[in-house]
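Here's the structure we're looking at; comments come further down.
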Amino acid sequence: MTVSLWEDQLGEAPDRARLTGQTTADVAIVGGGLTGLWTAYYLSRADPSLDIVVLEAERIGFGASGRNGGWLSALFPQGASALARRHGAHAALAQRAAMRATVGEVAEVCSQEGIDCDLAVGGTVTLARTPPQLERSREHVAQARAWGDRPVLLDPAEARARLGADGVLGGVHDPDCARVQPARLVRGLADVLEARGVRLLEHSRATALEPGRVRTSVGTVRARQVVRATEAWTSQLPGSRRDVVPVYSLMIATEPLGEDVWDQVGLREAETFTDQRHLVIYGQRTADGRIAFGGRGAPYHWRSGIRSEFDQEPGVFAALERTLRELLPALGDAAVTHRWGGPLGISRDWNASVGLDPSTGMAWAGGYVGDGLSTTNLAGRTLTDLLLGRSTALTRLPWVGHRSPRWEPEPLRWLGVNAGLTAMSVADAEERLTGRQSLTARLMAPLIGH
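In the numbering used here, the protein residues as written are 375 to 824.
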């Protein structure tokens, strides 16, 4: 099935109005994903008198916000050590603390607002299945604890008790992550906003963002402040093609598994899971007893292309299924029922950012590199403070006001991004052959924010 598991579970989305002609607002937010929705939420909570309009090219939650792996984590794409080198240790500690607090903030909002999104705080288990992966696990725990994080090193028995995978040498458990059904979170948040009078306008594709105005395919919005919250689709806006690159991540989901299988697989606390390989994989135990599992590996498309057919890469889906069955032999012949994908946004320096130009009233957030499910909430709170002219601990975080360099023009962009994706596969193969840490991965580390 090509529709995502999350969308399939929700059924048909509500039919919302589109923009027609001209309208005005205090704040116009371009992008109906979680960045836009969280920004509207906190703005409307801080000042209920504000007239806020959210413009979405497709439907609310159409992009990564409604299709992702469901990890509400404290992950941030730029490593703490890299942040410290650029901004100082105090700033890096503050960014890490803000990310950890964001997990609890989202859980609290969902509880207060009655948003049922299958949220369960079970942390993340990261397996080590080769000696180099075990070495990275030890290094990760030591480094992360220095920045205030709380990972715990697991011995083989402890790791297998959490996730009954094959060939486990050890692992790490990080408590700062919750499993969610992302499309339920999006829809629940949208319902709260509409009840507050925020206008959510769909099928209203922005064609130009300007100070005081957003032009769309179906009309124009004039507003004192304009927020760009378009993530991977930023690359489709005039003048912004090289601001981020859209890189695809794909997912599969199994049929509901029997209790005899779960007795072997584990994940009893609804932990999200991955391992220490370089080519990213990620998974969760869903509320209805499936495994939803995803990973990178799909190619970057020429000139930052985004098309619906790119959501389907049979070779990548087959590789994901092989990887999942090799990781968890207890699955046996359990059927894969859903296959889907979509683009995420990567900035040139792997550094997500949020900011406001006070002289123009133009604000932005994005470049989450796949770590956006929680970071969007931090972005929404930070944008609210910036737009309302507040000076707070959030507005002093090191990602605020950051400007990433632009990506190279084609063909250098196509060659570089796809070479980087290939390098991660090569690094994993290198470690399997040598039993040592990959030189390829070490050379790539400075390019991906570590």
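Glycine is no exception: its CB is placed at the ideal position from the N, C-alpha and C atoms.
Cβ-Cβ separation, residue j to residue i (assumed contact under 8 Å), whole Å
{"i": "Leu408", "j": "Thr750", "result": "4 Å"}
{"i": "Pro620", "j": "Ala606", "result": "4 Å"}
{"i": "Ala438", "j": "Gly716", "result": "6 Å"}
{"i": "Ala666", "j": "Leu379", "result": "6 Å"}
{"i": "Leu417", "j": "Leu761", "result": "7 Å"}
{"i": "Arg553", "j": "Ala644", "result": "5 Å"}
{"i": "Gly440", "j": "Val560", "result": "5 Å"}
Sequence-distant residues of the same chain with beta carbon closer than 6 Å to residue i, five excluded per side
{"i": "Val526", "result": "His547"}
{"i": "Gly405", "result": "Ala603 and Thr604"}
{"i": "Arg780", "result": "Arg616"}
{"i": "Glu381", "result": "Ala557"}
{"i": "Thr648", "result": "Thr500, Ile655 and Tyr656"}
{"i": "Gly443", "result": "Tyr656 and Gly668"}
{"i": "Arg713", "result": "Ile626 and Phe691"}
Close-in-space but distant-in-sequence residues of the same chain around residue i (CB under 8 Å, 5 per side omitted)
{"i": "Asp731", "result": "Ala737"}
{"i": "Ser704", "result": "The residue you asked about is not Ser; residue 704 is Ala in the sequence shown. Closer than 8 Å at the Cβ level, and outside the excluded window around Ala704, lie Gly538, Val635, Gln638 and Val639."}
{"i": "Ala448", "result": "Arg470, Met473, Arg474, Thr476, Val477, Asp523, Asp548, Asp550, Cys551 and Ser748"}
Nearest candidate by alpha-carbon position, reference residue i, set the options
{"i": "Thr769", "options": "Trp781, Arg755 and Leu384", "result": "Arg755"}
{"i": "Ala465", "options": "Ala819, Tyr674, Leu771 and Arg670", "result": "Leu771"}
{"i": "Phe773", "options": "Thr581, Val401, Val728 and Thr734", "result": "Checking the displayed sequence, the identity of residue 773 turns out to be Trp instead of Phe. Checking every option, the nearest Cα to that of Trp773 belongs to Val728."}
{"i": "Arg589", "options": "Thr398, Val554 and Ile626", "result": "Thr398"}
{"i": "Arg390", "options": "Asp565, Arg787 and Tyr674", "result": "Asp565"}
{"i": "Val791", "options": "Gly740, Leu817, Arg722 and Ala819", "result": "Arg722"}
{"i": "Gly593", "options": "Leu384, Leu795, Thr394 and Val618", "result": "Thr394"}
{"i": "Ser778", "options": "Gly706, Ala726 and Ala793", "result": "Ala726"}
{"i": "Pro783", "options": "Gln650, Pro530 and Ser614", "result": "Ser614"}
{"i": "Trp521", "options": "Gly462, Leu583 and Leu411", "result": "Gly462"}
{"i": "Val401", "options": "Gly496, Pro612, Ala819 and Asp421", "result": "Asp421"}
{"i": "Gln610", "options": "Leu631, Gly488 and Ala580", "result": "Ala580"}
{"i": "Glu386", "options": "Phe436, Glu695, Gly735 and Trp412", "result": "Phe436"}
{"i": "Leu567", "options": "Gln396, Asp425, Pro785 and Gly586", "result": "Asp425"}
Cβ shell of residue i (< 7 Å), same chain only, five flanking positions each side left out
{"i": "Arg810", "result": "Pro506"}
{"i": "His675", "result": "Phe684"}
Cβ of residue i within 7 Å of any chain C Cβ
{"i": "Gly440", "result": "Protein chains in the displayed structure number just one, and chain C is not present."}
Are the region 503-517 and the region 526-545 touching by the rule of at least three beta carbon pairs closer than 8 Å?
yes
contact_flag[the region 655-668, the region 508-527] where n(CB pairs < 8 Å) is 3 or more:
no
Contact between the region 420-431 and the region 573-582 is defined here as three or more beta-carbon pairs at a separation below 8 Å; is this criterion met?
yes
In chain order, which alpha helix (DSSP H) runs of at least 4 residues are fully inside the region 468-500?
none
Let me know the alpha helix (DSSP H) ranges lying completely inside the region 723-777, each 4 residues or longer, listed in chain order.
746-761
Alpha helix (DSSP H) runs contained entirely in the region 501-538, provided each spans 4 or more residues:
505-520 and 530-536
Starting from the N-terminal side, write out each stretch of the beta strand (DSSP E) that is 3 residues or longer and does not extend beyond the region 588-627.
593-602
Pairing CB atoms from the region 796-803 with CB atoms from the region 684-694, are three or more of them under 8 Å?
no
For the region 630-687, which segments carrying the beta strand (DSSP E) assignment without a break, of at least 3 residues, lie completely within its bounds, in sequence order?
646-649, 655-659 and 665-669
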